[in-house]
Amino acid sequence: MIYTLTTPLYYVNDKPHLGSTYTTVACDALARFQRLEGHEVVFVTGVDEHGQKIQRTAAAQGISPIDHCNRVTASYEKAWNEWDISHDRFVRTTSPRHLPLVQQFFQRCEEAGDIRSGRQTGWYCVGCEEFKDDPAEAINPTCSIHQKPLEWRDEENLFFCLSHFQEKIEALLNQSDFIAPASRRKEIQNFVAGGLRDFSISRVNVEWGLPVPGHQGHTFYVWFDALLGYLTALLDDGGSIDLERLNAVGWPANQHVIGKDILRFHAVYWPAMLMSAGLPLPRKVFGHGFLTREGQKMGKSIGNVLDPEVLLNRCGTDAVRWYLLRDIQFGDDGDFQQQRFVDLVNNDLANTIGNLLNRTSSMSRKWFNESTPIVDSEDSDGHALRQAAETAITSVREAMPSMAFQKAAEAILQLAIQANGYLNDQAPWSKMKKGGQDAEVAVDLYGVLESARLVGWLLKPLVPDLSERILSQLNQPSNATLWTGELVWGGLESGHPLPQPQPVMQRLELEETL
RNA sequence: GGCUCGGUAGCUCAGCUGGUUAGAGCGUGGGAUUCAUAACCCCAAGGUCGGGAGUUCAAGUCUCCCCCGAGCCA
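Residue numbers (the working numbering): 18 to 531.
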């Protein structure tokens, strides 16, 4: 049973910004979790490269569209590589494999009687690649999103008969778990209730697009072509491009993770297209929120854009991943606040977790021959921290599948906090001073080290690098592909050598504003 | 203009189907401790739950009106 997960296919207008990084990191955490749980995962990401906007952006730079695409796409690949994203597929809509898939899909829709031609006249925004509803007699209307003048169009287009799917789409949206988070459902339902209108899926005079078979001069509308990239990605396993193969390679997707702005395309247009082509529907569409910065929308005009590359180079993946996943309720809008970012990373990662490991490992080495203490299984099994550890494990496993990263992170932190508290209560350093209580101290430290080992494993999907450093500090192999066998109390070996402790997480000291 | 989602401690937010003195984390102040990354632990101050009216024995939690913010559609 394959677990298929997708990010949006990002539009290659510019290099990745913080928003696309956020989405991708979140998907990465989920993908890693599902793999550790034993699922065969296909994690898809990629880029959407067609459309008039790309054509014009390239022209403005005096380069060909494909050169522009190659350049921007390379920046995505580089970024995901640096962020250590564990995607299985990276699809490009300019890939030669994509064209036959789009044409096959289109033919199915055409044969199903869901394609018609029609005249489309009206004001068009190239930025949105959409016709607007401004009245025909409007003089110099502008797009409210892009603040750019609309262009008058009068052309023959092919239309997808979305109107044929009114009832079916309504029924789909009535399923309580199709759109997540639930708070976004009504907006889409109301949109659909207003009556679905056919939408055009081809353009004339846009050369930078895939040709529509049997319709000279038409290229596919970017959205039609882009959504199909998900299918191309799945078929990109060395086999043939054949829609019949889809269910063997991971379709339907378990989850499309997207920004809330493109929820309509994924929850309405896309399912209808799939229905027309006789293909199964994705199980869930998750529309997450947007990030602001210090309470303000990020934008070039305000000049407050936070570049993920700067963030990465200055602070590292762990810090940023942790902050984004732990502090922002995935689904809701979130605000990036630098001071809070620094505070949380230092408190949670460096102090609570890092220092816990550091202090305990240091004690254990000092008093138990540079190793973990030797305890018998009875003492280990009945350890005071065992319950806390098992609670944390259960919570993480419950929270992660629904992308409740915040809950998972809190559960892990809770275990570390309890272990720190336990140490302070037991005060092994005092016992050692008094003498004669080595056996008791051994049990105390074993339980804390074991908790740290579990924290290390539980952090793996969220902050994989830090996880590895924690486990290696405990002299544990971290290369297991499954964590089922690891997430069991008592896994830490008695009398196991411990390396000289090194801080696993540096405190962030940011003097400057990033 | 219609619709959707928010408005709870300085900050970010939890508060399910209405029910004891409204919670957490961060920040701030104080204390304790020394194993540790000036760390960890404990304690404290701090809120008329956007405003108003209503339903109820009882409302942050339900109804209506208004104000503010974000977004979707016009």
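Backbone N, C-alpha and C define an ideal beta-carbon position, used for all residues, glycine too. Just so we're clear, the structure is a prediction, and the values are computed from it rather than from any experiment.
* Asked: Grouping DSSP H, G and I as helix and E and B as strand, with all else coil, what is Asn3?
  -> The shown model of the chain, from 18 to 531, leaves out residue 3, and the question about it has no answer.
* Asked: Would you say Lys277 and Gly306 are within 8 Å of each other, going by their C-beta atoms?
  -> Taking the first sequence and counting its residues from 1, one reaches residue 277 at position 260. Taking the first sequence and counting its residues from 1, one reaches residue 306 at position 289. Cβ distance < 8 Å, so Lys277 and Gly306 count as in contact.
* Go through its chain and collect everything with a Cβ distance to Val322's Cβ below 6 Å, but skip five positions before and after it. => What you label residue 322 is simply residue 305 of the first sequence in a count that begins at 1. Correct list, in chain order: Met315.
* Taking all protein chains shown into account, do 16 or more other C-beta atoms lie within 10 angstroms of the C-beta of Asp105, making it buried, or fewer, making it exposed? -> In the first sequence, residue 105 corresponds to position 88, counting from 1. Under this definition Asp105 is a buried residue.
* Using a Cβ-Cβ cut-off of 8 Å (strictly less than) and excluding sequence neighbours within five positions of Ile132, which residues of its own chain qualify? -> Working through the first sequence from its first residue, we reach residue 132 at position 115. Counting only Cβ-Cβ distances below 8 Å, and skipping sequence neighbours, we find Phe123, Cys126, Leu175, Phe176, Phe177, Cys178, Ile218.
* Put Tyr247 into one of helix, strand or coil per three-state DSSP. => Position 230 of the first sequence, counted from the start, is the residue given in the question as residue 247. Helix at Tyr247.
* Closer than 8 Å by C-beta to His67: which residues in its own chain qualify, once you throw out the five before and the five after it? Chain order, please. => Numbered from its first residue, the first sequence carries residue 67 at position 50. So the list reads Thr110, Thr111, Trp225, Gly226, Leu227, Thr236, Phe237, Val239, Asp242, Ala243, once near-sequence residues are dropped.
* So Gln69 and Val119 are in contact, right, with Cβ under 8 Å, and what is the actual spacing, rounded? -> Start at 1 with the first residue of the first sequence, and residue 69 comes out as number 52. Start at 1 with the first residue of the first sequence, and residue 119 comes out as number 102. Wrong, their Cβ atoms sit about 17 Å apart, outside the cutoff.
* Under 8 Å, do Met522 and Leu483 count as touching if we go by C-beta distance? -> Within the first sequence, the letter at position 505 stands for residue 522. Within the first sequence, the letter at position 466 stands for residue 483. A contact, by the Cβ cut-off of 8 Å.
* To do: Taking all protein chains shown into account, decide if Ile370 is buried (16 or more other Cβ within 10 angstroms of its Cβ) or exposed.
  => In the first sequence, counting from the first residue as 1, residue 370 sits at position 353. So Ile370 counts as buried.
* Asked: Under 8 Å between the Cβ atoms of Ile186 and Val285?
  -> Taking the first residue of the first sequence as position 1, residue 186 is located at position 169. Taking the first residue of the first sequence as position 1, residue 285 is located at position 268. Result yes, Cβ atoms of Ile186 and Val285 sit closer than 8 Å.
* Asked: So who's on the other strand from Asn174, going by DSSP bridges?
  -> Along the first sequence, one-based indexing puts residue 174 at 157. Beta-bridge pairing links Asn174 to Gly135.
* For Lys555, the nearest candidate out of Leu499, Ala436, Glu387, Ile345 (CA to CA) -> The chain is shown only over 18 to 531; residue 555 falls outside these bounds and no answer can be derived.
* Buried or exposed: which applies to Pro514, given that a residue is buried once 16 or more other Cβ atoms fall within 10 Å of its Cβ? -> As a position in the first sequence, residue 514 is number 497, starting the count at 1. Flag for Pro514 reads exposed.
* Report yes or no: do the segment 20-33 and the segment 441-451 share at least 3 C-beta pairs separated by less than 8 Å? => no
* Report all residues from its chain with a CB closer than 7 Å to the CB of Tyr93; omit the five preceding and five following residues, and keep chain order. => Along the first sequence, one-based indexing puts residue 93 at 76. Cβ neighbours of Tyr93 beyond the five flanking positions: Tyr27, Pro33, Val64.
* Would you call the segment 343-363 and the segment 51-64 in contact, with 3 or more CB pairs under 8 Å? -> no
* Sorted by chain position, which residues of the same chain lie with C-beta nearer than 6 Å to Lys477's C-beta, five sequence neighbours on each side aside? -> Within the first sequence, numbered from 1, the residue matching residue 477 stands at position 460. Only Ser484 meet the Cβ criterion.
* **Whole-number beta carbon distance between Pro299 and Ala270, since they are thought to touch under 8 Å** => In the first sequence, counting from the first residue as 1, residue 270 sits at position 253. In the first sequence, counting from the first residue as 1, residue 299 sits at position 282. Rounded, the Cβ-Cβ distance is 4 Å, consistent with contact.
* Best match in Asn492, Asp352, Gln183 for proximity to Ser293 [C-alpha to C-alpha] -> As a working note, residue 293 is residue 276 in the first sequence. Answer by Cα proximity: Gln183.
* To do: Determine the contact status of Met290 and Leu47, defining contact as a CB-CB distance below 8 Å.
  => Within the first sequence, numbered from 1, the residue matching residue 290 stands at position 273. Within the first sequence, numbered from 1, the residue matching residue 47 stands at position 30. Not in contact: Met290 and Leu47 (Cβ atoms no closer than 8 Å).
* To do: Confirm, please, whether the CB-CB distance from Ala459 to Leu373 is below 8 Å.
  => As a first step, residue 373 must be located in the first sequence, where it is residue number 356. As a first step, residue 459 must be located in the first sequence, where it is residue number 442. No. Outside cutoff.
* Taking the alpha-carbon positions, what's the Lys95 to Val58 distance? -> The residue you call residue 95 lines up with position 78 of the first sequence. The residue you call residue 58 lines up with position 41 of the first sequence. So the alpha carbons of these two residues sit roughly 22 Å apart.
* Asked: Residues in its own chain within less than 7 Å of Leu329 by CB, not counting five upstream and five downstream?
  -> Position 312 of the first sequence, counting from 1, holds the residue named residue 329. Cβ within range, chain order: Glu99, Trp100, Val337.
* To do: My understanding is that Ser180 touches Arg136, with C-beta atoms under 8 Å, so please give their C-beta distance in whole angstroms.
  => Position 163 of the first sequence, counted from the first residue, corresponds to residue 180. Position 119 of the first sequence, counted from the first residue, corresponds to residue 136. No, Ser180 and Arg136 are not in contact; Cβ-Cβ is about 17 Å, not under 8 Å.
* In angstroms with no decimal places, state the Cα-to-Cα distance between Pro297 and Pro390. => As a first step, residue 297 is located in the first sequence; it is residue number 280 there, counting from the start. As a first step, residue 390 is located in the first sequence; it is residue number 373 there, counting from the start. Answer to the nearest angstrom: the Cα atoms are 55 Å apart.
* Could you check if Ile156 is buried or exposed, using at least 16 other CB atoms within 10 Å of its CB as the buried criterion? => Within the first sequence, numbered from 1, the residue matching residue 156 stands at position 139. Exposed is the call here.
* Measure the beta-carbon distance from Phe208 to Val302 and round it to whole angstroms, keeping in mind my assumption that it falls under 8 Å. => Reading the first sequence from its first residue, position 191 is the one you call residue 208. Reading the first sequence from its first residue, position 285 is the one you call residue 302. With 8 Å as the limit, Phe208 and Val302 do not qualify as a contact, their Cβ atoms being about 14 Å apart.
* To do: Hey, could you find the ends of the beta strand (DSSP E) Ile218 is sitting in?
  => Translated into the one-based positions of the first sequence, residue 218 becomes position 201. Counting along the chain, Ile218 falls outside any beta strand (DSSP E), and DSSP gives it neither H nor E.
* Beta-ladder partner(s) of Glu147, from DSSP -> Your numbering for residue 147 matches position 130 in the first sequence. Cys142, per the DSSP bridge assignment.
* Using a Cβ-Cβ cut-off of 6 Å (strictly less than) and excluding sequence neighbours within five positions of Pro230, which residues of its own chain qualify? -> If you number the first sequence from 1, residue 230 lands on position 213. These residues qualify, in order along the chain: Gln120.
* Hey, Ser394 and Pro518: beta-carbon distance below 8 Å or not? -> Stepping through the first sequence from its first residue, residue 394 is reached at position 377. Stepping through the first sequence from its first residue, residue 518 is reached at position 501. Result no, Cβ atoms of Ser394 and Pro518 do not sit closer than 8 Å.
* Asked: Quick one: what does DSSP say Arg524 is sitting in, helix, strand or coil?
  -> Against the first sequence, residue 524 aligns to sequence position 507. Note: Arg524 maps to coil in three-state DSSP.
* Euclidean distance between Cα positions of Arg470 and Ala406 -> Looking up residue 470 in the first sequence gives position 453. Looking up residue 406 in the first sequence gives position 389. In a straight line, the C-alpha of Arg470 is about 10 Å away from that of Ala406.
* Own chain partners of Gln454 with C-beta closer than 6 Å, once the 5 adjacent residues on each side are dropped -> One-based indexing of the first sequence puts residue 454 at position 437. Lys448, listed in sequence order.
* Among Asp350, Arg281, Thr74, which one has its Cα closest to the Cα of Thr40? -> In the first sequence, the residue the question calls residue 40 occupies position 23. Comparing Cα positions, the closest option is Asp350.
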